[in-house]
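Q: Heads up: the protein sequence lines correspond to chains S and H, in order. The first sequence stops at residue 195 when you use the working numbering, and every number in between is there. The second sequence stops at residue 656 when you use the working numbering, and every number in between is there. Note that the Cβ used here is the ideal one computed from N, Cα and C, for glycine as well. Only a predicted model underlies this, so the values are computations on that prediction, with no experimental measurement involved. Dropping a structure here in structure tokens format, bear with me for questions.
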Amino acid sequence: MKEEEMASATAESKTVFGFWVYLMTDCVLFASLFATFVVLRNNTYGGPSGQDLFSLSFVLSETIILLVSSFSIGLAWLAAREGNKRPVLSFMALTFLLGLAFLTLEIKEFNHLYQEGNSWRRSGFLSAFFTLVGTHGAHITAGLIWMATMMVLIYRRGIYATNVRRVTMLALFWHFLDVIWIFIFSIVYLMGIIG
Amino acid sequence: MNLLGRLNLDAIWQGPVTAIGQLTVLLSGIAIVGLLFYFKRWKWLWREWLTTVDPKKIGVMYIIVAVAMGLRAFSDALMMRAQQAVASGDNSGFLSSDTYQQVFSAHGSIMIFFMAMGLMFGLFNLIVPLQIRARDVAFPFLNATSFWLFFAGAMLFNTSLLIGGFAATGWLAYPPLSELAYSPGPGVDYWIWGLQIAGIGSLLSGINFFVTILKMRAPGMNLMKMPMFCWSVLGSLVLILFAFPILTATLTMLALDRSLGMHFFTSDFGGNPMMYVNLIWAWGHPEVYILILPAFGIFSEVVATFSRKRLFGYTSMVWAIWAIVVLSFIVWLHHFFTMGAGANVNAFFGIMTMAIAVPTGVKIFNWLFTMYRGRIKFATPMLWFMGFVATFTVGGVAGVIMAIPPADFQLHNSLFLVAHFHTMLIGGVVFGFFAGLIYWFPKIFGFKLNERIGRYAFWCWFFGFLLAFIPLYILGLMGATRRLDGYDASLGWQPLFIVAGVGVLIIGLGIALQALQVIVSIRQRNANLDKTGDPWNGRTLEWATASPSVFYNFARITPVNDRDAWWAEKQVKTPPPKPRYEDIEIPKNTSAALIMAFLAFNFGFGYVWHMYWLSVLCFFGIITCLIIRSLKDEHEYTLPAHDVAKVEAAIRRRYA
């Protein structure tokens, strides 16, 4: 390997490894929120419980949208590694739209709960619910902003080593949010519906 | 809409005692600005320090901030000791209850977050890259961001002194007291956002140095050839990575309770205050190990260097560190055995707590065996080590006593506990960091500190410490609880409190001597210049560079063959081959870190005073900064090989 390539490979491994480490810390952050949710999930203070509030079909559609978006960001990443600009942009655009759809659904659910008087002020359970799911939603929002920035960047400057690295990290981030969502789906919604 | 939120001028006046503090802060601020104008140093400050991404400079800035914050928190300690020395019986002392509560809350929070953490990150920055023969940290810009976030958090704490007052809820702000219902003022919000901003900085530093140590060691330096300080830092970093996200989440939840009316930790609506206590200690217990592990690492370097021997039991030292790392996550409940979790749970946590004494004991004995038959030189870092062995062992034994749940039910929240953790934190962390600062001072600034004044300072600290805290052990056993602002005269506690107060004054004398030591050493620096780069006949690679080391640390990254790499290289008598230099990539200075931290400060300030427009504005400002920064590809410039050769030749001339 030439020296330049070696330097770029080190930078690559450093940055991506660092991003992995960040993801693990984010995992601990979510773990704290999950733990709190599990402790507080029955503290409804006379208010509604998960059984009264959640609709499985609605959450399932959210889940499928997010899973498909995870697939499409994977395709964008593969295309980036191949150096093909157009498929990267189109798969990213698809992911962006799916992410946006997911976020819209989540906001719709939140709004619905709020309108019915079941806001985060209602009980410890609802505080924990809104915070846990909302933190995931905030991450999705951050991911969408990042993705939009990346699309502009790739559109203008094309695909080169630094950009591939950025797409790699974005894809990792997006997959990570998918994994977190699976836990939210199971622990918050499924367990909530079972009661 | 009120643009100023709940901010108004009434928030400035908080009583005469606070006014003295406010004047001190204002006058020192004015003095700094005045001096900068007088010496026309603004440009220099901006170019050389504020926008730097060089870990050596960032490390120095960490230490300056930490010392300043430490002095502030020490003055809090003086006030507490003075209050308790006089507030017996009808005398209610000179502090009102509310001020007293703010004083002890500020003392604890500042000492941990802005004194100890600051010194720790300062030493990480200054020493870790040098010890692994790296030119920089993994992410230089992130490193600058970490520092400035730390600084922003510290400034938020200082702002609370100027306007609005600090939290009166203790250093960990337990709910429900810290909830809106009982602490409606801005104090707890200052606490939350000061810690949150600084905590995110610490987390980013944790990631940065973790990657640095794992990915940037010189070729040949496998993990088991790493200096013990780096091992201890690595242990501390793993704890940071696991613990600080918990703090971030916990503080966020408390903030949501206070601002959006959520019910995580409230005593009604299904909130659970004990959940907070569990979460905060799941961070808080590892936190004290985050601080003590690097101190252990420093002692390992100091003892080996000044005993002229290899560190005894290197492998067992490494395993002891990792045992401590793992155990520190399964002992948090010992902070609240009184919660009522039941005998089995308490027994588990009690036994795990006692188990920590085993790896710690292994380390103590390894240091003693390193000294055994060594050619010991009692330089000041060694004195701090000897002081540490004495105090830390006493404190550790006190800790094992409290690890017994039935004993803890008696000692919980007593001054015995306060004495215990001060023995660990002063006798362990502070003594350790002092030893490190004196040991590495020539590497950082290029000249040694005055030894004689250093010895005087040590003895003041050591005896002052004993006088200040042994009475607290006794008082704790007599039933004195922590955070008292007055007590009944018939209890007969006053003499002991007076002795403790005298002890703190002697520590104060020690601090004054340290200040004198620095001043005298600067004046006599030409006599104490470190011309070799290796003033102590050291063993590890930081001594292989010039003192102070060049901005790129090492002109050549040569392979490492031995655990005590520099010691081994010194033993090879053959003259080094004529060096061939290479181009070096240097990260460019940037103001982005400073700007983002400034925005973060204003974000927190806006939140504290309910100026939400300011918080929203700053939040989007930070996002914009991040996007602009991420759009750039080139963050480095290249220093050509012939320029490196020039710098190296200049150093050789300087030392010839």
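1) Within 10 Å of its beta-carbon, does residue 152 of chain H have 16 or more other beta-carbons around it, so buried, or fewer, so exposed?
2) Count Cβ pairs between the stretch 561–569 of chain H and the stretch 115–128 of chain H that sit closer than 8 angstroms; are there 3 or more?
3) Give, in chain order, every unbroken run of the alpha helix (DSSP H) that is at least 4 residues long and sits entirely within the stretch 389–452 of chain H.
4) Between the C-alpha atoms of residue 137 of chain S and residue 103 of chain S, what's the straight-line distance to the nearest angstrom?
5) Mind checking residue 582 of chain H: buried by the 16 CB within 10 Å criterion, or exposed?
6) By the 9 angstroms beta-carbon criterion, what residues does the stretch 203–224 of chain H contribute toward chain S?
7) Anyone know if the C-beta pair for residue 132 of chain H and residue 221 of chain H falls short of 8 angstroms?
8) For residue 136 of chain H, count neighbouring C-beta atoms within 10 Å of its own C-beta (all shown protein chains included) and say buried if the count is 16 or more, exposed if not.
9) Which residues, in order along the stretch 117–143 of chain S, keep a beta-carbon less than 9 angstroms from a beta-carbon of chain H?
10) Give the DSSP-derived three-state secondary structure of residue 287 of chain H in the structure shown.
11) Could you check the C-alpha separation between residue 1 of chain S and residue 202 of chain H for me, to the nearest Å?
12) For residue 106 of chain H, which residues from the same chain have a beta carbon less than 6 angstroms from its beta carbon, with the 5 sequence-adjacent residues on both sides left out?
13) Using a Cβ-Cβ cutoff of 9 angstroms, what residues of the stretch 23–40 of chain S are near chain H? List them in chain order.
14) If we define contact as Cβ-Cβ less than 8 angstroms, is residue 14 of chain S a contact residue for chain H?
15) Going by Cα to Cα distance, which pick from H/362, H/463, H/334 and H/164 is closest to residue 349 of chain H?
16) Could you tell me whether any Cβ in chain S is nearer than 8 angstroms to the Cβ of residue 270 of chain H?
17) Excluding the five sequence neighbours on either side, which residues of its own chain have a C-beta within less than 6 angstroms of the C-beta of residue 645 of chain H, listed in chain order?
18) Just to confirm, are residue 417 of chain H and residue 476 of chain H a CB contact at a threshold of 8 angstroms?
19) What residue does the beta strand (DSSP E) around residue 639 of chain H start on, and which one ends it?
20) Count the other CB atoms, across all protein chains shown, that sit within 10 Å of the CB of residue 95 of chain S; report buried if there are 16 or more and exposed otherwise.
21) Apart from the five residues just before and just after residue 241 of chain H, which ones in its own chain have a Cβ nearer than 6 angstroms to its Cβ?
22) So which residues of chain S does residue 242 of chain H contact, with C-beta pairs closer than 7 angstroms?
23) In whole angstroms, what separates the C-alpha of residue 138 of chain H from that of residue 180 of chain S?
24) Please tell me whether residue 635 of chain H has its Cβ less than 8 angstroms away from any Cβ of chain S.
25) Check residue 582 of chain H in the structure and name its three-state DSSP category.
26) What's the C-alpha gap between residue 17 of chain S and residue 105 of chain S?
27) For residue 157 of chain S, count neighbouring C-beta atoms within 10 Å of its own C-beta (all shown protein chains included) and say buried if the count is 16 or more, exposed if not.
28) Skipping 5 residues on each side, what residues in its chain have a beta carbon closer than 8 angstroms to that of residue 337 of chain H?
29) Report yes or no: do the stretch 501–509 of chain H and the stretch 457–468 of chain H share at least 3 C-beta pairs separated by less than 8 angstroms?
30) Got a sec? Which residues, its chain only, sit under 6 angstroms from residue 210 of chain H by beta carbon, not counting five neighbours each side?
31) For chain S, check one thing: does any of its Cβ atoms lie closer than 8 angstroms to the Cβ of residue 228 of chain H?
32) Kindly list, in the order they appear in chain H, the residues whose Cβ is closer than 8 angstroms to that of residue 63 of chain S.
33) What whole-angstrom Cβ distance do residue 434 of chain H and residue 370 of chain H have, given they're in contact under 8 angstroms?
34) So what's residue 186 of chain H in DSSP terms, helix, strand or just coil?
35) So which residues on chain S does residue 630 of chain H lean against when the C-beta distance must stay under 7 angstroms?
36) Is the beta carbon of residue 331 of chain H sitting closer than 8 angstroms to the one on residue 353 of chain H?
A: Quick look at the numbers:
1) buried
2) no
3) 405–411, 415–424 and 431–445
4) 7 angstroms
5) exposed
6) 203, 204, 206, 207, 208, 210, 211, 212, 214, 215 and 216
7) yes
8) buried
9) 119, 120, 121, 122, 123, 124, 125, 126, 127, 128, 130, 131, 135 and 142
10) helix
11) Model confidence at residue 1 of chain S stands at a pLDDT of 42, short of 50, so the residue's coordinates are unreliable; what they give is reported in the following sentence. Approximately 36 angstroms between the Cα atoms of the pair.
12) 76 and 166
13) 24, 25, 26, 27, 28, 29, 30, 31, 32, 33, 35, 36, 39 and 40
14) yes
15) H/334
16) yes
17) 581
18) yes
19) 636–639
20) buried
21) 206
22) 28
23) 28 angstroms
24) no
25) coil
26) 33 angstroms
27) exposed
28) 346, 349, 350, 405, 408, 409 and 412
29) yes
30) 237
31) no
32) Those do not exist, as residue 63 of chain S stays about 24 angstroms from chain H at its closest Cβ, beyond 8 angstroms.
33) At roughly 20 angstroms, the Cβ-Cβ gap does not stay under 8 angstroms, so residue 434 of chain H and residue 370 of chain H are not in contact.
34) coil
35) 149
36) yes
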